Amino acid sequence: MSSQTTNPYAAHSPSKVEVSKDLLCCYQRIMDACCEHDADGAEYGISILEESLNYKANPELAFYLQRLYTYAKDCLKKEAFDEACRIMQGLRSVWERAALSDSDS
Amino acid sequence: MPGLTISQIADFNHRDAFARVRTGSAREVKQFTDSLSDASFARIKTSNLSESYSLLAGVGNRLGMIRANLSTMLDFARQGTSVTNELDRDELIGQMRSLSGGIDDIVDQTLWKEQKTLDGRTLDVSLTTQGGGASKQIKLESFYTSDEEGFDLTGQPTSAKADIFYDYYSAYRNQQSGLVGLDISKAYHSAVDAAKSELETGTYSLEIEYKGPDSAITVKTLEGLPINTVTGVDLSGTGQELVDLEVGVTLSIEKEQFLESIDKYDYQNEGSVTLYAKMDYQRVFQHELHLDGFEQYTDRNLDVNYKKTLTDSLGGSLEIESLNMSGVKAGNIEFATGNYSLRVNYQGEDSSVAIYNNRGILQYLDHQVDLSGSDKVKIDTGKGVAFTIDNTNFTDQSGQMVALFDYEAEENRNQDFDFTAYAAKIEEAIDRLDTDLEAVYTAQDEILQINSYQNSSAYSQSAATSSAALIGGLLSSYENNSASSIFGASSANAQLGLVANAIFQGTSAAMAVQADLTSARVSKTFSA
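Next up, the structure:
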């Protein structure tokens, strides 16, 4: 009889699909907030993205993203909602394509 | 309760306990403090990532030690709020003085390449392995407990310690001189005369040229160069004479007239004679707990409130003059703080002098004072008060005169210490320290991340330069909190391209970068 071992931590790890879904949702909501000129809402959304950054997983990407988030927040402070929205849209589309390509493979 | 012995409690509360050595004169220290600004301090600059980590690790460690001292102080201050016993209160205050002194010692001893790091400097830490390029600035507060803009937990007034001793040379010459009844019993710090300079830390010679009421005291360097001379010092009679040398020190001279015919030495026939001594002088900052309105020690003071002069029908008078503070003779108990009445009962050569406290209890009595002559009679109680009685052709057989005065002894005022207010100040200090400590820890983490990134197998040399610069820019942007200083819209597009590349190069690893994002947080945040 073969024994089956399970990783107790695996059950708590979010799946890739879940991550991308939440991430895309977050970007979408930030974009919505930008369209409504809701600087606080958009900034709060970006801060969630910032807080969830995991530098250890991929330091290079984390720093690139952090830099863009900081830039977007600065745009919000200057009420440059279009620019902030454009950045979020760009990031969303990159993640969307990445999620699709990953699920295809 | 901390558990100090009674003698330790007294030591810990001594005015000079935990004093710190100062190099500048009191005047220089004031000028320096007045002109102090950030620009006065050089930045601490590291030349590579390894140095940066080493510096931050050291600073973090020392800040942790300071925090431990502050936490213990806070415990003591909180205990003090419910203490009613005088000894326990003194013990807690003594312990807090000791711990705060320890914090200053840590600041003094935390050096990086011979520069202090915790006295309010900016750390300029390199973020690259080879130096140059990106760096991060961390502005730290001054952690000296006396810094008014910082912790403000202690007061450190300029002061000095002075010790008198007779070396073999001085003792030998004094023995040969034939002078008897004169001794310098104590020396302590006093204000420096505006026209004079304070003594530097070191050893000096003292020469007392005895000529009765017109003696002179000279302070000299060990090489014999005179620094200052005070003339007109009355060393006649018996008592404790205080002499301000005007250069930061006051001598308390004990004088005793053994013979009625010759006072100490027959200077009128033999000429003057000199008493020699040596003095160690050390410039220091005193160290006391600081709270607005609280003075741990009060200085001595004497105020005359009322004085009655006796006059006779022929125009003669008897008057109390120069009612002043004097030294306390060894073995005597100083007058306590309070109101006193000085009564002179005049009966010619059988006069008497008495001092009563405000409850009418006799504190001093000299029942045999000859006031019949025309010379002024100086009376030194040896308990901190002296005065002169001047008889100007007073012809009455008897009479009484009175003077009322307030005397304030030097004393410890720990009973006025507000532990609750002090605990609040310590809490504030801990908050301030935590802010800096967090900045140091964060920078340490960042350096570790950069280091681990640069050491990773996927890391290429060509990417190193650009990534380090990017990371440096990113880190400095945290401080500035201004994205516009990072890049503009065109660069943002380039950044987006970099993100896309990074994601598509390793999609699975890329996903993990934002893996902590959960749907619960996203929906909760946006629905709120």
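So the sequence lines, in the order shown, correspond to chains A and B.
Per our numbering, residue 125 is the first one in the first sequence, and the count goes up by one each step.
Per our numbering, residue 143 is the first one in the second sequence, and the count goes up by one each step.
Beta carbons are placed, not taken as given, at the ideal position from N, Cα and C, and that holds for glycine.
This one's a predicted model, so the numbers in the text were calculated from it and none came from an experiment.
Is the beta carbon of residue j closer than 8 Å to that of residue i?
i	j	result
A:Met212	A:Ile154	yes
B:Arg162	B:Val426	yes
B:Val128	B:Met467	In this structure chain B extends from 143 to 670, so residue 128 of chain B is not present and cannot be described.
B:Asn474	B:Gly435	no
B:Asn443	B:Glu550	yes
B:Asp266	B:Lys187	yes
A:Ala186	A:Leu177	yes
B:Ile350	B:Leu417	yes
B:Ala302	B:Met421	no
B:Thr537	B:Asp454	yes
B:Gln637	A:Leu192	yes
B:Val582	B:Leu205	yes
B:Ala565	B:Thr223	yes
B:Asp508	B:Ile521	yes
B:Tyr488	B:Tyr498	no
B:Phe547	B:Asp445	yes
B:Asp164	B:Thr252	According to the sequence provided, residue 164 of chain B is Arg. The question's Asp does not apply to it. The answer is no: Cβ separation not under 8 Å.
B:Gln279	B:His429	no
B:Leu321	B:Tyr352	yes
B:Ser327	B:Ser167	no
For residue i, collect the residues of the same chain with a Cβ closer than 6 Å to its Cβ; drop the 5 residues on either side in sequence, then sort them by chain order.
i	result
B:Ile469	In the sequence under discussion, the amino acid at residue 469 of chain B is Gly, which differs from the Ile named in the question. Correct list, in chain order: Gln382, Leu384 and Ser394.
B:Glu461	Thr451 and Asp532
B:Asn535	Gly458
B:Ala605	Its pLDDT being 41, under 50, B:Ala605 is placed unreliably by the model, and nothing is read from it.
B:Gly490	Ser514
B:Phe307	Lys420
B:Tyr506	Ile497 and Thr523
B:Met543	Lys450, Leu452 and Val486
Excluding the 5 residues preceding and the 5 following residue i in the sequence, name in chain order all residues of the same chain whose CB lies nearer than 7 Å to its CB.
i	result
B:Thr287	Ser242, Ile245, Asp246, Phe293, Leu295 and Thr296
B:Thr373	Ala358
B:Pro368	Thr360 and Lys362
A:Ala196	Ile170, Ala208, Ile211 and Met212
B:Ser378	Gly354, Pro355 and Asp405
A:Glu220	Leu148
B:Glu437	Arg555
B:Gly323	Lys397, Glu398, Gln399, Phe400 and Lys406
Using DSSP with H/G/I as helix, E/B as strand and the rest coil, what is residue i?
i	result
B:Ala657	coil
B:Gly222	helix
B:Asp548	strand
B:Ser301	strand
B:Asp376	coil
B:Ser194	helix
B:Ser312	helix
B:Leu146	coil
B:Ala181	In this predicted model, B:Ala181 has a pLDDT of only 45, less than 50, meaning its place in the structure is not dependable; the value taken from the coordinates is given anyway. Three-state DSSP puts B:Ala181 in a helix.
B:Ile186	strand
A:Lys180	coil
B:Val391	strand
B:Ser242	helix
B:Ile475	coil
B:Ala137	Lying outside 143 to 670, the shown extent of chain B, residue 137 of chain B is not represented and no answer is given.
B:Phe561	helix
B:Asn593	helix
B:Gly292	coil
B:Ser167	coil
B:Ser213	helix
B:Gln399	coil
B:Phe160	coil
B:Ser347	strand
B:Val201	helix
So, for residue i: in the same chain, excluding its five sequence neighbours on each side, which residues have a beta-carbon less than 8 Å away from its beta-carbon?
i	result
B:Ile572	Arg209, Leu212, Ser213 and Leu216
A:Glu175	none
A:Cys159	Phe205 and Cys209
Give the residues of chain B in contact with residue i, contact being defined as C-beta atoms less than 9 Å apart.
i	result
A:Leu224	The premise fails here: A:Leu224 is roughly 10 Å from chain B at the closest Cβ pair, so nothing lies under 9 Å.
Report the neighbours of residue i on chain B: residues whose CB is nearer than 8 Å to its CB, in chain order.
i	result
A:Ala121	Residue 121 of chain A is absent from the structure shown; chain A starts at 125 and stops at 229.
Taking Cβ-Cβ distances shorter than 8 Å, what residues in chain A pair up with residue i?
i	result
B:Gln591	Tyr179, Lys180 and Pro183
B:Gln637	Tyr188, Arg191, Leu192 and Tyr195
Using a C-beta to C-beta distance shorter than 7 Å, which residues of chain A count as neighbours of residue i?
i	result
B:Ala654	Asn178, Ala181 and Asn182
Who are the neighbours of residue i on chain A, taking C-beta pairs under 9 Å?
i	result
B:Asp651	The amino acid occupying residue 651 of chain B in the given sequence is Ala; Asp does not appear at that position. Result: Ala181, Asn182 and Leu185.
B:Ala566	Simply none; closest approach about 32 Å.
Just checking: is the beta-carbon of residue i within a distance shorter than 8 Å of some beta-carbon in chain D?
i	result
B:Val641	Within the model displayed, chain D is absent; protein chains A and B are what it includes.
Count the C-beta pairs between the segment 148-156 of chain B and the segment 226-243 of chain B that are closer than 8 Å, then say yes if the count reaches three, no if not. Enough Cβ pairs lie closer than 8 Å, so yes.
Is the segment 479-499 of chain B in contact with the segment 572-581 of chain B, if contact means three or more CB pairs nearer than 8 Å? By the C-beta criterion, the segment 479-499 of chain B is judged not to be in contact with the segment 572-581 of chain B, since fewer than 3 inter-stretch pairs fall below 8 Å.
The segment 332-346 of chain B in contact with the segment 401-418 of chain B per 3-pair CB rule at 8 Å: Touching, no, given that fewer than three Cβ pairs across the two stretches are closer than 8 Å.
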